[in-house]
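Here is the structure we will look at.
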Ligand code: SF4
Ligand code: SF4
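Residue numbers (UniProt numbering): 1 to 350.
Structure below.
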């Protein structure tokens with residue numbers, strides 16, 4: 001929880017109280033100059049992760065946010081957990097939780113509605129505000145760390161008392177404000193490297209160092225589409241879309257997942273998201289029900305999900321997958337046919 005001062009009626013405290021009332025876990029406010037240092041960190045990261053320059057190109061927008069928003073004076077940073085949601089059994093361990101419970105643009109999600117309400121409240125207070133719900137208006141982990149909401153651990157995830165199963169949001173404002181929080185979270189245990197050891201593709205190659213280009217989350221979503229020729233595809237194991245391994249193995253996440261509440265639409269959608277049903281999925285169902293939620297892939301990229309599903313079947317091959325794999329050999333998508341042919345050859349199917 002944020003430290004709250006109920007007797008102080010400053011703008012900062014009014015904002016914080018409203019945020020907590022709306023269900024946010026924490027709220028801090030930093031002057032924009034506290035973002036200094038992020039650019040340097042980003043450059044360091046690009047240098048360490050060979051070939052990742054292209055990937056991080058988009059992050060340059062975050063480094064230079066003041067060019068786009070010269071009026072910005074402070075940043076409101078908030079955290080909200082998603083660990084209260086139930087993960088349906090059939091997709092557990094196959095689809096990463098952050099995507100399953102993605103509140104960024106889902107109008108049915110109460111967190112999304114609360115974010116809208118908070119934005120309205122900020123405007124009612126007379127503030128000029130700007131946010132980017134999908135990808136952050138500033139570097140979110142950096143801002144949250146500077147606001148004292150938690151810490152970044154060796155797996156690069158940001159942790160609060162709720163573990164790493166949280167989403168960070170930020171709003172730029174045109175008023176100079178500051179409301180720093182304090183965290184008492186312990187650092188990673190001295191010799192712990194569980195997350196690094198567990199990473200199936202060695203994307204997380206050392207503490208605080210991750211090459212996004214070899215991360216399963218990248219390779220099964222918006223990156224890496226040549227899975228038949230992707231040497232790491234066999235390391236994706238059970239994962240079809242995203243990967244939670246470096247968070248799941250972390251002792252600091254022990255007991256943090258509550259999973260006692262339904263997220264809107266997830267229970268109804270999950271039977272369609274098994275590997276076999278992804279391969280059966282028609283385009284209109286995908287476009288209406290799946291793509292709007294999993295927006296990293298576009299309306300015409302159902303084939304990417306199907307390639308991921310075939311890769312899972314290859315990795316965890318069972319005879320009952322045969323009919324799905326053979327059917328996929330006749331798919332209208334060339335990439336799906338190619339992947340299915342590769343899987344057929346590997347497992348002696350004709
Ligand atoms: S999400 Fe998965 S692949 Fe990516 S760094 Fe973590 S463990 Fe490695
Ligand atoms: S697994 Fe260990 S080293 Fe990795 S983030 Fe968790 S506590 Fe830190």
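For every residue, glycine included, the Cβ atom is placed at its ideal position computed from N, Cα and C.
Are at least three pairs of beta-carbons, each pair with one atom in the stretch 188-196 and one in the stretch 287-294, less than 8 Å apart?
Contact between the stretch 188-196 and the stretch 287-294 is absent, because fewer than three Cβ pairs lie under 8 Å.
Identify which residue in 14, 35, 48 and 26 has its Cα closest to the Cα of residue 203.
The residue labelled residue 203 in the question sits at position 203 within the chain shown. The residue with the shortest Cα to Cα distance from residue 203 is 48.
Spatial neighbours of residue 79 within its chain, please: C-beta separation below 6 Å, excluding the five flanking residues on both sides.
Counted from its first residue, the chain shown places residue 79 at position 79. Answer for residue 79: 25, 26, 149, 160, 166 and 168, listed in chain order.
At a cut-off of 7 Å, would you count residue 251 as near ligand 4, judging by its Cβ distance to the nearest heavy atom?
Among the ligands present in this structure, namely ligand 1 and ligand 2, ligand 4 is not found.
What span of residues does the beta strand (DSSP E) with residue 171 cover, start to end?
One-based indexing of the chain shown puts residue 171 at position 171. It spans 166-173 - the beta strand (DSSP E) in which residue 171 sits, taken as one unbroken run.
Considering only residues of the stretch 41-89, which uninterrupted beta strand (DSSP E) runs meet the minimum length of 3 residues and lie entirely inside it, listed in chain order?
As far as the stretch 41-89 is concerned, its whole beta strand (DSSP E) runs of at least 3 residues are 74-81.
Using three-state DSSP, classify residue 351 as helix, strand or coil.
Outside the modelled stretch of the chain, which goes from 1 to 350, sits residue 351, for which no answer is possible.
Can you tell me where the beta strand (DSSP E) with residue 205 in it begins and where it stops?
One-based indexing of the chain shown puts residue 205 at position 205. Counting along the chain, the beta strand (DSSP E) containing residue 205 begins and ends at 204-206.
Starting from residue 329, trace the beta strand (DSSP E) both ways and give me its first and last residue.
Walking along the chain shown from the start, residue 329 turns up at place 329. Residue 329 -> no beta strand (DSSP E), and no H or E assigned at all.
Please check the pair residue 173 and residue 129, which I expect to be a contact at CB under 8 Å, by giving their CB distance rounded to whole angstroms.
Mapped onto the chain shown, residue 173 falls at position 173. Mapped onto the chain shown, residue 129 falls at position 129. Correct: roughly 5 Å between the Cβ atoms.
Tell me, which residues are paired with residue 197 by DSSP?
Reading the chain shown from its first residue, position 197 is the one you call residue 197. DSSP lists no partner for residue 197.
Is the Cβ-Cβ distance between residue 335 and residue 303 less than 8 Å?
Taking the first residue of the chain shown as 1, we reach residue 335 at position 335. Taking the first residue of the chain shown as 1, we reach residue 303 at position 303. Yes, the Cβ-Cβ distance between residue 335 and residue 303 is below 8 Å.
Under the criterion of a Cβ to heavy atom distance below 7 Å, does residue 188 qualify as lining ligand 1?
For the purposes of this step, residue 188 is taken as the residue at position 188 of the chain shown. Incorrect: residue 188 has no Cβ contact closer than 7 Å to ligand 1.
Helix, strand or coil for residue 342, going by three-state DSSP, please let me know.
Here residue 342 refers to the residue found at position 342 of the chain shown. Note: residue 342 maps to helix in three-state DSSP.
In the DSSP assignment, what are the bridge partners of residue 210?
Position 210 of the chain shown, counted from the first residue, corresponds to residue 210. 204.
When we look at the beta-carbon of residue 10 and count the other beta-carbons within 10 Å, is it buried (16 or more) or exposed?
Start at 1 with the first residue of the chain shown, and residue 10 comes out as number 10. When all chains shown are included, residue 10 counts as exposed.
Which of the three DSSP states is assigned to residue 227 in this structure?
As a working mapping, residue 227 is identified with position 227 in the chain shown. Note: residue 227 maps to helix in three-state DSSP.
Contact between the stretch 232-248 and the stretch 93-109 is defined here as three or more beta-carbon pairs at a separation below 8 Å; is this criterion met?
With the cut-off at 8 Å, the stretch 232-248 and the stretch 93-109 touch.
Does the distance between the C-beta of residue 27 and the nearest non-hydrogen atom of ligand 2 fall short of 7 Å?
Start at 1 with the first residue of the chain shown, and residue 27 comes out as number 27. Flag unset: Cβ of residue 27 not near ligand 2.
Is it the case that the CB of residue 245 approaches a heavy atom of ligand 1 more closely than 7 Å?
Here residue 245 is taken as the residue at index 245 of the chain shown, counted from 1. At least one heavy atom of ligand 1 is nearer than 7 Å to the Cβ of residue 245, so yes.
Of all the options 308, 178 and 152, which has the alpha carbon lying nearest to the alpha carbon of residue 186?
Taking the first residue of the chain shown as 1, we reach residue 186 at position 186. That would be 152, whose Cα lies nearest to the Cα of residue 186.
Is there at least one non-hydrogen atom of ligand 2 closer than 7 Å to the beta-carbon of residue 43?
In the chain shown, residue 43 corresponds to position 43, counting from 1. No, since every heavy atom of ligand 2 falls outside the 7 Å radius drawn around the Cβ of residue 43.
When the Cα of residue 77 is compared with those of 29, 113, 92 and 114, which residue comes out closest?
As a first step, residue 77 is located in the chain shown; it is residue number 77 there, counting from the start. Taking only the C-alpha atoms, the option nearest residue 77 is 29.
Three-state secondary structure (DSSP) at residue 130?
The count along the chain shown starts at 1 and reaches residue 130 at position 130. Looking at residue 130 - three-state DSSP - the assignment turns out to be strand.
Are the stretch 251-258 and the stretch 206-214 touching by the rule of at least three beta carbon pairs closer than 8 Å?
The answer is no - the stretch 206-214 does not touch the stretch 251-258, with fewer than three Cβ pairs under 8 Å.
Taking residue 97 as part of the beta strand (DSSP E), name the residues at either end of that continuous run.
Taking the first residue of the chain shown as 1, we reach residue 97 at position 97. Careful: residue 97 lies outside any beta strand (DSSP E), inside the alpha helix (DSSP H) at 97-100.
Mind checking which residues open and close the alpha helix (DSSP H) that includes residue 245?
On the chain shown, position 245 is the one that residue 245 refers to. Unbroken alpha helix (DSSP H) run through residue 245: 245-248.
Going by the C-beta, is residue 198 closer than 7 Å to any heavy atom of ligand 1?
Reading the chain shown from its first residue, position 198 is the one you call residue 198. It does: the Cβ of residue 198 is within 7 Å (strictly closer) of some heavy atom of ligand 1.
Take every Cβ of the stretch 57-75, pair it with every Cβ of the stretch 28-43, and state whether three or more of those distances are shorter than 8 Å.
At 8 Å Cβ cutoff, the stretches touch.
How would you label residue 270, buried or exposed, when you count the other beta carbons within 10 angstroms and need 16 or more for buried?
Stepping through the chain shown from its first residue, residue 270 is reached at position 270. Counting Cβ neighbours within 10 Å, residue 270 comes out buried, since at least 16 surround it.
Quick check: does the Cβ of residue 62 come within less than 7 Å of any heavy atom belonging to ligand 1?
Here the question's residue 62 lines up with position 62 in the chain shown. No, the Cβ of residue 62 stays beyond 7 Å of every heavy atom of ligand 1.
So for residue 105, helix, strand or coil by DSSP?
The count along the chain shown starts at 1 and reaches residue 105 at position 105. Three-state result, residue 105: coil.
Have a look at 158, 111 and 227 and flag the residue whose alpha-carbon is nearest the alpha-carbon of residue 144.
Stepping through the chain shown from its first residue, residue 144 is reached at position 144. Residue 158 is the option with its Cα nearest to residue 144.
Would you verify that the beta carbon of residue 17 is, or is not, closer than 8 Å to some beta carbon of chain C?
Among the chains in the structure shown there is no chain C, since it carries only a single protein chain.
Suppose you measure from the CA of residue 294 to the CA of residue 86; what does that come to, to the nearest Å?
In the chain shown, counting from the first residue as 1, residue 294 sits at position 294. In the chain shown, counting from the first residue as 1, residue 86 sits at position 86. Those two C-alpha atoms are separated by around 18 Å.
Does the distance between the C-beta of residue 388 and the nearest non-hydrogen atom of ligand 1 fall short of 7 Å?
With the chain covering only 1 through 350, there is no way to say anything about residue 388.
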